[in-house]
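Okay, so the sequence shown: first residue is 32 according to this note's numbering, each after it adds one.
All C-beta atoms in this analysis are idealised placements derived from N, C-alpha and C, irrespective of residue type, glycine included.
Values in this document were obtained by computation on a predicted structure and should not be read as measured data.
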Amino acid sequence: MGEQRANLLHVSDAVRQHLCRGPVVADRYASSVMACHAAVNQVGLDQVRELIAPFLPYLVAPDVTFYLISSDNSLKERMSTKTDVKQDDTDLYDVPGRLARLRENFQSVAETDPSMVVLPTDGRSPDDLADIIVKHLEGRRAQPDRHRRRHP
32 MGEQRANLLH
42 VSDAVRQHLC
52 RGPVVADRYA
62 SSVMACHAAV
72 NQVGLDQVRE
82 LIAPFLPYLV
92 APDVTFYLIS
102 SDNSLKERMS
112 TKTDVKQDDT
122 DLYDVPGRLA
132 RLRENFQSVA
142 ETDPSMVVLP
152 TDGRSPDDLA
162 DIIVKHLEGR
172 RAQPDRHRRR
182 HP
């Protein structure tokens, strides 16, 4: 977990620097670190939260975190066309229970994340998803006081 915490702190520093120049979009941040570390190491999510808790005040808090949700069939289809398959990708199906733990952990993390926006991906292309995200962010900028939406 030490390496993941160091990486998370480094990413937060980079985000902080880039925010001086404009908006930042990041893939994989604190929620991903918690959900993935707990699933991969088969430890409780609460244990991982405790390890990260002392560092949370230092981390730049995201305005919005999109949680992409897909069915098993949609995920398998997307994985079959992926060109940069990594060990973590194959482990989703090769390690018993890995995908189920990841889904459960991400759901638990999302439920406590004030920046959470759930985005179902089934039937949507990457361009569709990008358009939805951009429209959501533009809407937030146009109406900064509106309430958070869970499903764009």
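For Gln48, which residues in the same chain have their Cβ closer than 6 Å to its Cβ, ignoring the five residues on either side in sequence?
Counting from 1 along the sequence shown, the entry for residue 48 is found at position 17. Around Gln48: no qualifying Cβ.
Could you work out which residue in Gln35, Tyr124, Val55, Gln138 is closest to Ala92 when comparing CA atoms only?
Indexing the sequence shown from 1 puts residue 92 at position 61. It is Val55.
So for Tyr124, helix, strand or coil by DSSP?
Looking up residue 124 in the sequence shown gives position 93. DSSP places Tyr124 in helix when its eight states are reduced to three.
Integer Cβ distance of Ser62 from Asp144, believed to fall under 8 Å:
In the sequence shown, counting from the first residue as 1, residue 62 sits at position 31. In the sequence shown, counting from the first residue as 1, residue 144 sits at position 113. Yes, they are in contact, since the Cβ atoms of Ser62 and Asp144 sit about 6 Å apart, within 8 Å.
Sort Leu90, Gly33, Ser139 by Cα distance to Leu76 and report the nearest one.
In the sequence shown, counting from the first residue as 1, residue 76 sits at position 45. The candidate whose alpha carbon is nearest that of Leu76 is Ser139.
Between which two residues does the beta strand (DSSP E) harbouring Phe137 extend?
Start at 1 with the first residue of the sequence shown, and residue 137 comes out as number 106. From DSSP, Phe137 is part of no beta strand (DSSP E) but of the alpha helix (DSSP H) over 129 to 142.
Cβ separation of Tyr89 and Ser43, assumed to be a contact under 8 Å, to the nearest whole Å
In the sequence shown, the residue the question calls residue 89 occupies position 58. In the sequence shown, the residue the question calls residue 43 occupies position 12. Yes, Tyr89 and Ser43 are in contact; Cβ-Cβ is about 7 Å, under 8 Å.
Taking DSSP as the reference, what is the three-state secondary structure of Val91?
By one-based count along the sequence shown, residue 91 stands at place 60. Val91 falls in the coil class under three-state DSSP.
Buried or exposed: Arg180, going by 16 or more other Cβ atoms within 10 Å of its Cβ?
One-based indexing of the sequence shown puts residue 180 at position 149. Unreliable positioning characterises Arg180 in this predicted model, as indicated by a pLDDT of 48, which lies under 50. A coordinate reading is not provided.
Quick check: Ala70 and Arg132, are their CB atoms within less than 7 Å of each other?
Indexing the sequence shown from 1 puts residue 70 at position 39. Indexing the sequence shown from 1 puts residue 132 at position 101. Less than 7 Å separates the beta-carbon of Ala70 from that of Arg132.
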